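The structure appears right after this line, and notes come after that.
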Amino acid sequence: MLLSGFFGIPYDFRWSVLWEAPHYTWIIDGLWMTLRISAISWVFAVLLGILFGALRTSPFRPLRAIATAYVEFFRNVPLLVWLFFWYFGAPEVFPEVIRQWLIHHGMEFWSAVAGICVYHGARMAEIIRAGIQSIPKTQIEGALSTGLSVPQTYRLIVIPIALRLIVPPLTNDSLGLLKNSSLAMTIGVAELTFATRQIETYTAKAFEAFTAGTLIYLGLCLGIAFVMDRLERKFAIPGLIARTERPEH
Amino acid sequence: MKRFGIFLMVAMLILGMAGISAAETTLEKIKRTGVFTIGTRTGSAPFAYINKQNEWVGFSIDLAGLVHKNIEKKLGQSVKFELKESAPATRIPLLSSMAVDLISGTMTDTRPRRENVDFSLTFFITGAQFIVKKGSPIRGVQDVGGRRISSVQGSTNERELRARYPQAILVIFPDQPAAFTAMTQGKVDAYTNDGIQLWGLKYKAPNPDDWEVVGEMYTYEPYGMAMRKNDSDFRHVVNVALMEAIEGGVYFKLYDKWFGPKSETPYPLSPEARNFLMLQVVPK
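Those protein sequence lines, which keep their order, are chains L and H.
Residue numbers for the first sequence follow this note's numbering, so the first one is 2 and each next one is one higher.
Residue numbers for the second sequence follow this note's numbering, so the first one is 56 and each next one is one higher.
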């Protein structure tokens with residue numbers, strides 16, 4: 002009431018709309034959908050990122066070109082356009098059998114996963130490339146001189162170190178992915194933002210509904226940031242990456 | 056101390072502004088700004104849509120134009136008429152945040168909505184039906200069990216379907232074009248919305264004969280114009296504009312323009328609907 006007077010807009014707050022049936026079940030279902038879609042897209046995005054990030058640093062030119070083409074193509078189109086493409090566009094050219102199967106097995110969900118993972122995969126590829134390229138050339142030469150092959154050098158030396166270096170920017174992009182999953186509602190996926198809008202349209206209590214959405218996203222992101230921070234500490238290579246609170250000398 | 060002084064000044068300024076807007080009625084706001092803003096749709100032919108000439112037109116927009124004229128008459132000054140896009144999910148927030156003064160699109164007057172906004176007279180009557188691919192086994196609301204049905208978030212028929220026919224698999228989209236395209240591509244078996252809007256979609260589609268509007272109307276959808284609550288002076292100006300249009304025949308001319316036999320969406324006015332409209336007009 003205080004806030005409503007302050008903004009000069011006649012508005013009655015009714016926070017109970019958030020836990021009245023069936024509204025709270027929509028929030029729970031929406032949250033579960035957001036987590037599922039984000040987790041699955043994240044796994045694929047990281048795999049694509051590692052693959053194309055590594056290829057972008059490959060000494061073999063055609064592989065570099067393929068990886069560069071992937072990154073530039075997928076990161077330079079807005080995610081919303083990708084979602085429309087994967088839902089309204091791409092399935093139309095699939096064989097009818099596959100199309101029908103998809104329609105009856107959550108096409109909305111998988112189109113959203115496809116859109117999000119190729120888009121964030123391209124962004125993560127760049128992060129991983131930056132990580133790989135920050136490793137001193139001498140270290141790679143050292144690895145090769147011990148008799149490791151190029152793929153072995155990548156698998157055993159370069160990528161394990163690069164993955165540690167890139168945790169902060171990777172966290173950043175992972176949080177971006179979680180928040181971007183809200184766009185999936187435009188192609189009919191009932192995720193968290195959908196649920197808060199649904200409550201808003203049923204009750205006309207916009208402030209309460211969107212506050213709930215804001216706080217849930219904030220909580221999720223803070224939780225992920227916390228976990229990633231712990232991972233960063235746990236897997237840090239002593240002496241390799243300087244941390245302000247643990248000086249080596 | 057200096058900082059506290061600045062804080063106090065800012066606080067007073069904000070409170071002062073809040074004080075002005077809280078006391079201001081819609082007519083006062085229009086008089087002060089010289090602009091009358093309505094929230095309407097862009098994809099709901101023939102009520103409000105972007106036509107082939109890229110103009111924003113429609114029946115609801117023409118009716119709002121009559122309200123605009125009546126506001127000018129009432130205030131004795133010319134006022135700018137502005138249109139803003141509003142979707143079912145955004146129209147009430149747009150009103151309460153003062154971004155628009157009137158919603159004139161395809162908004163159904165309902166009891167829960169009346170808890171948050173006020174409505175004008177009913178200016179159109181329709182009910183929910185389905186649009187399907189020609190020859191579809193869905194012939195009405197009795198056939199929706201286990202079928203994928205698309206609908207627009209925040210619409211009354213979505214709510215009705217969810218409550219009364221939980222066997223249907225609902226796929227909800229934020230806007231009508233997406234929900235309709237999902238149907239034309241066969242991603243859902245039917246799209247449900249108010250019958251008149253489905254006829255509008257059918258006639259606007261590249262191949263109107265491919266699509267059928269089916270089923271008895273399973274909801275009752277009286278369209279009204281929505282405005283901020285407890286502003287009876289403004290509501291009266293809106294209602295008088297509609298009454299004069301119905302009484303003087305302008306309403307029926309506009310109806311003929313948008314729904315007549317020569318229009319893009321022929322939809323004859325039933326005698327009951329005509330009577331209902333006339334009975335809403337109170338004496339001069």
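No residue lacks a Cβ here, since even glycine has one placed at the ideal position from N, Cα and C.
Model, not experiment: these values are computed from the prediction.
Straight-line gap, residue i to residue j (C-alpha atoms, nearest Å)
i, j, result
"residue 67/L", "residue 173/L", "26 Å"
"residue 278/H", "residue 114/H", "12 Å"
"residue 329/H", "residue 193/L", "44 Å"
"residue 227/L", "residue 169/L", "11 Å"
"residue 251/L", "residue 99/L", "What is shown of chain L runs 2 to 250, which leaves residue 251/L out entirely."
"residue 77/L", "residue 94/H", "33 Å"
"residue 245/H", "residue 86/L", "22 Å"
"residue 190/L", "residue 37/L", "12 Å"
"residue 153/L", "residue 43/L", "26 Å"
"residue 239/H", "residue 200/H", "20 Å"
"residue 243/H", "residue 227/H", "11 Å"
"residue 57/L", "residue 161/L", "17 Å"
"residue 75/H", "residue 286/H", "Low per-residue confidence applies at residue 75/H: pLDDT is 46, beneath 50, and the placement is therefore not dependable enough to give any value."
"residue 269/H", "residue 102/L", "26 Å"
"residue 213/L", "residue 198/H", "37 Å"
"residue 154/H", "residue 132/H", "21 Å"
"residue 2/L", "residue 85/H", "At residue 2/L the pLDDT is 42, less than 50, meaning the model places this residue with poor confidence; the figure from the coordinates comes in the next sentence. Spanning the two alpha carbons is a distance of roughly 26 Å."
"residue 111/L", "residue 198/L", "22 Å"
N- and C-terminal bounds of the beta strand (DSSP E) containing residue i
i, result
"residue 249/H", "245 to 249"
"residue 60/L", "Residue 60/L -> no beta strand (DSSP E), and no H or E assigned at all."
"residue 320/H", "Residue 320/H -> no beta strand (DSSP E), and no H or E assigned at all."
"residue 173/H", "172 to 181"
"residue 138/H", "135 to 140"
"residue 205/H", "203 to 207"
"residue 280/H", "276 to 283"
Under 7 Å between C-beta atoms of residue i and residue j
i, j, result
"residue 322/H", "residue 251/H", "yes"
"residue 266/H", "residue 260/H", "yes"
"residue 183/H", "residue 247/H", "yes"
"residue 211/H", "residue 163/H", "yes"
"residue 196/L", "residue 27/L", "yes"
"residue 215/L", "residue 229/H", "no"
"residue 122/H", "residue 337/H", "no"
"residue 144/H", "residue 202/L", "yes"
"residue 181/H", "residue 249/H", "yes"
"residue 90/H", "residue 137/H", "yes"
"residue 281/H", "residue 172/H", "yes"
"residue 24/L", "residue 217/L", "no"
"residue 163/L", "residue 143/L", "no"
"residue 177/L", "residue 129/L", "no"
"residue 191/H", "residue 234/H", "no"
"residue 149/H", "residue 288/H", "no"
"residue 97/H", "residue 156/H", "no"
"residue 310/H", "residue 297/H", "no"
"residue 114/L", "residue 41/L", "yes"
"residue 258/H", "residue 196/H", "no"
"residue 47/L", "residue 209/L", "no"
"residue 100/H", "residue 159/H", "no"
"residue 182/L", "residue 39/L", "yes"
"residue 156/L", "residue 236/L", "no"
Bounding residues of the alpha helix (DSSP H) (the contiguous stretch that carries residue i)
i, result
"residue 184/L", "Per DSSP, residue 184/L belongs to no alpha helix (DSSP H) and is neither H nor E."
"residue 333/H", "326 to 334"
"residue 128/H", "114 to 130"
"residue 218/L", "207 to 236"
Proximity to residue i [Cα-Cα], best of the options
i, options, result
"residue 271/H", "145/H, 221/H, 336/H, 193/H", "193/H"
"residue 179/L", "60/L, 80/L, 22/L, 25/L", "80/L"
"residue 319/H", "136/H, 149/H, 214/H, 104/H", "104/H"
"residue 122/L", "104/L, 83/L, 101/L", "83/L"
"residue 71/L", "120/L, 152/L, 43/L", "120/L"
"residue 175/H", "88/H, 221/H, 185/H, 161/H", "161/H"
"residue 175/L", "130/L, 199/L, 223/L", "223/L"
"residue 135/L", "109/L, 158/L, 234/L, 124/L", "158/L"
"residue 166/H", "316/H, 157/H, 276/H", "276/H"
"residue 13/L", "206/L, 30/L, 147/L, 240/L", "206/L"
"residue 185/H", "284/H, 302/H, 312/H, 223/H", "223/H"
"residue 45/L", "104/L, 92/L, 60/L, 118/L", "118/L"
"residue 124/H", "295/H, 107/H, 214/H, 312/H", "295/H"
"residue 169/H", "204/L, 151/L, 105/L", "204/L"
**Report entry** Interface positions of the segment 233 to 251 of chain H facing chain L (Cβ-Cβ less than 9 Å), listed along the chain
**Finding:** Answer set for the segment 233 to 251 of chain H: 233, 234, 236, 237, 240, 241, 242, 243.
Report task. Could you please tell me which residues of the segment 138 to 154 of chain H, in chain order, have their CB closer than 8 Å to any CB of chain L? Result -> Residues 143, 144, 147, 148, 151, 152, 153.
Query raised in the report: When you check each C-beta in the segment 99 to 120 of chain L against every C-beta of chain H, which residues fall closer than 7 Å?
Result: Answer in chain order: 104, 108, 109.
Report task. Quick one: which residues of the segment 172 to 206 of chain H get their C-beta closer than 9 Å to a C-beta of chain L? List them in chain order. Result -> Result list: 172, 203, 205.
Report task. Check each residue of the segment 22 to 38 of chain L: if its Cβ is closer than 7 Å to any Cβ of chain H, include it; give the result in chain order. Result -> So nothing in the stretch comes that close.
Requested in this report: Determine which residues of the segment 150 to 178 of chain L have a Cβ less than 8 Å from any Cβ of chain H, and write them out in chain order.
Outcome: Within the segment 150 to 178 of chain L, contact with chain H at the beta-carbon level (separation under 8 Å) is assigned to no residue.
Requested in this report: Determine which residues of the segment 203 to 227 of chain H have a Cβ less than 8 Å from any Cβ of chain L, and write them out in chain order.
Outcome: Among the residues of the segment 203 to 227 of chain H, those with a Cβ less than 8 Å away from any Cβ of chain L are 203, 205, 208, 209, 214, 226, 227, in the order of the chain.
Requested in this report: Report the residues of the segment 86 to 97 of chain L with a CB closer than 7 Å to any CB of chain H, ordered along the chain.
Outcome: Result list: 89, 93.
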